[in-house]
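Contents: one structure, followed by commentary.
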Amino acid sequence: MKLTSLAATSLVLLLAGCSFSYKATDNGENKQANLSPPVASADILITGGRVYTGTGTYEQMLDIAVCGEKICGLYPSGSKKITAAQVINARGKIVSPGFIDPHTHTLEELSSRDKNHNLNYLTQGVTTVVNGNDGAGPVDIAKMAKVLEANGIGTNVALLVGHGSVREQVMGRAPRFATDQELEQMSALLHQAMQAGALGFSTGLYYVPGSFANTEEVITLAKIASQYKGIYDTHLRDESTFNIGFSAALDEAIHIAQNADIHLHLAHIKALGVDVWGQSTDAIKKIEQAQASGVSISADQYPWLASGTLLHSAVMPKWVMADSKQAFFKRLNNPELAGKLRSEITENIRRRGGPGSLLITAFKDSALVGLTLEQVAKMRAVDSVTAAIALVQEGDVRVASFNMSPEDVENFMVQPWVVTSSDGTNGHPRKYASFPKKYQEYVVKKGLLTLGEFIKKSSGQTAKILGLQDRGILATGYQADIIVFDGENLAANADFSHWNKYSSGVEYVLVNGQLVIKQGVYTDKLAGKFVH
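Letter 119 of the sequence shown, counting from 1, is numbered 137 in my numbering, and no numbers are missing.
In structure tokens, the structure reads:
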């Protein structure tokens, strides 16, 4: 397999104080691994593999010894005689750190009794998932961490504390700015969350109730996360032209990071909708200018042309969703609001490419799954706005919104500060196949990234962004989160017709030193931990 790279230099992440910055330099990292003094015996020995450590982007032939939960040795293949209880022959296979997904929605599965193995992520090679993105998730981090570990989890999990959740706990879904007293209450909750191990503070300024907050509120809270060396992870207020516009939303995020002295991480970076296609170039320039001025910025991205969300989040105006669901539905059926409502919904549908670009992927009425909003409207003999208003009152409707251009996706993907994520949600194949999809499409097929770049952007670089000190790379003393996969057969089997099919090609997965996938088969072990 011949893999090519668009970038001649490698990425080095430099940690400094409460934030870090990126610098494109070789810095000697492509010379050799940090090899170890020999150990006489190990619990698991992985031999003969094509090893990528998650630091550089180069391949090495190494043997890896695992003792208990940790990596206890890395040696040139065959150079040391080590006795091991279990030997994995990785000859011809790729060995790398377990992937780290900085943006998931997996708490429901991890809290369950039947899906807590998180197998849809393990089969992608993901050993650590982050939750609490988009301003959502638990406010009581300590309680959630205890619940998850007591339940048993298949992957490691880290948590962000969500602005929307904190705001709703203090002031509900009120469509107004916070008072000083309410901001003090939110600040106290954020202190508690960061002390309990949250990796940072997330916002979903596009979503209710975060959309009702002003920039100053977010800066005040981000400053608290900064005190604990946390990150600021944000779903921008606008990735399109829904309110302030994509460019202005980036300006706001950068302004927040500057004033809070915090690392800015842009969630699922994209140019969403026909109005902003082609704006990736200007967005990249804006981000690079901010980086040059001293703002620490990174982003994650999933490798799909369709985003996934709920229909009401996609097309309903924010003002109509304020307060309770009862108030929301009352406004939807208020004849005095009908003209304004229909006009704004029509425009929101247009921004996303029209009713034919909104595919229903999950709904209680399975007969509608697989149909577009346009098809449902035609079937019901109504216009698309009427159909949308009716559907959101019938239940939660998940849609895949085909709203990105291939050129923008690829433009963002090759940036040295963009890492891999899934933003996995039900009804969308990204929940089961994002990492293999990126490998197949952009490493193997298009050669946009080298194999080493793909691995680094899925492991070590992500660990640096999140501030994880002992995961994400293969090095002595680090937690043994390790995957072995077949480079010829790593494949995304899920698609928009069958979104929940496991990926294939990952043959071995170790989580905290325990073998949870062996020869492609799940071993029924729940080895994950809460990480912070």
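Just so you know, even glycine gets a beta-carbon here, dropped at the ideal spot from N, CA and C.
Cβ-based neighbour list, residue i, same chain, cut-off 8 Å, excluding 5 preceding and 5 following
i: P56; result: G91, Y93, K98 and I100
i: V313; result: I272, A275, Q276 and L282
i: A102; result: S59, A60, D61, I62, L63 and A83
i: G538; result: S522, V524 and E525
i: T259; result: G291, D293, V294 and R369
i: G371; result: G291, V292, S419, F420 and N421
i: D341; result: G190, R191, A192 and P193
i: I262; result: R255, D256 and E270
Sequence-distant residues of its chain with Cβ nearer than 6 Å to residue i (five each side left out)
i: F347; result: Q411
i: V437; result: D318, K475, Q479 and T480
i: G35; result: The pLDDT assigned to G35 is 32, lower than 50, so where the model puts this residue is not dependable; a value taken from the coordinates is nonetheless given after this. So the list is empty, once near-sequence residues are dropped.
i: G46; result: Low confidence applies here, because G46 scores a pLDDT of 37, under 50, leaving its location unreliable and the question unanswered by this model.
i: D198; result: none
i: G374; result: T390 and E392
i: S316; result: H283, W435 and I483
i: Q309; result: I315
i: D488; result: Y496 and Q497
i: G505; result: I112
i: G388; result: none
i: Q104; result: I62
i: L508; result: P454, Y457 and G523
i: Y246; result: M212
i: R185; result: P227
Contacting residues, own chain, Cβ-Cβ under 7 Å from residue i (five flanking each side not counted)
i: R398; result: A405
i: L386; result: I378 and V394
i: L544; result: N134, H135, G170, I171 and G172
i: D300; result: S265
i: R349; result: V338 and L355
i: I159; result: L177, V179, A211, A214, G215 and A216
i: E127; result: K133, N134 and N136
i: H209; result: I242
Distance CB(residue i)-CB(residue j) smaller than 8 Å
i: A418; j: T379; result: yes
i: C172; j: G153; result: As written in the sequence, residue 172 is Gly, which differs from the Cys given in the question. Cβ atoms of G172 and G153: not closer than 8 Å.
i: L528; j: A498; result: yes
i: L166; j: S129; result: yes
i: G155; j: N149; result: yes
i: S325; j: H121; result: no
i: Y320; j: D441; result: yes
i: L328; j: V226; result: no
i: L207; j: V157; result: yes
i: I118; j: S452; result: no
i: S280; j: S311; result: One point to set straight first is that residue 280 is Ile, not Ser, in the sequence displayed. No, Cβ-Cβ distance for I280 and S311 is not below 8 Å.
i: K336; j: S423; result: no
i: G413; j: W517; result: no
i: V179; j: F548; result: no
i: A278; j: K304; result: no
i: G110; j: T146; result: no
i: M162; j: L177; result: yes
i: A108; j: G74; result: no
i: S114; j: T65; result: no
Nearest-angstrom Cβ-Cβ length linking residue i and residue j, presumed shorter than 8 Å
i: I89; j: L492; result: 6 Å
i: I249; j: G218; result: 4 Å
i: N530; j: E87; result: 5 Å
Candidates the options, of which the one nearest residue i by Cα
i: I501; options: L389, S452 and I106; result: I106
i: L7; options: S229, T221 and L254; result: Lying before the first or after the last residue shown, residue 7 is absent from the chain, which here runs from 19 to 550.
i: D513; options: H286, P447 and I118; result: P447
i: G190; options: N169, G74 and A231; result: A231
i: S515; options: K543, T75 and Y450; result: Y450
i: L323; options: N511, N421 and G413; result: N421
i: T541; options: G413, G442 and L137; result: L137
i: A427; options: K456, N444 and V400; result: One detail in the question is off: residue 427 reads as Val in this sequence, not Ala. Of the candidates K456, N444 and V400, the one whose C-alpha sits nearest the C-alpha of V427 is K456.
i: S205; options: D269, Q187, R194 and S298; result: Q187
i: A285; options: E270, L254 and D269; result: L254
i: D251; options: G263, E77 and A216; result: A216
i: T233; options: L268, R109 and L177; result: L268
i: D401; options: I363, D383, S384 and E425; result: I363
i: K382; options: L376, L508 and L409; result: L409
i: I407; options: A345, A196, N351 and E425; result: N351
i: E459; options: A510, E270, Q203 and I535; result: A510
i: T443; options: T494, N151 and K164; result: N151
i: H330; options: I287, A289, Y224 and I302; result: Y224
i: M334; options: P353, Q307, V403 and G296; result: V403
Beta carbon proximity, residue i to chain B, threshold 8 Å
i: V400; result: Absent here is chain B; the protein component of the structure consists of one chain.
I'd like to know if the segment 422-439 and the segment 466-474 are in contact, where contact means that at least 3 CB-CB pairs between them fall below 8 Å.
yes
Is the segment 350-359 touching the segment 383-401, taking contact as three or more C-beta pairs under 8 Å?
no
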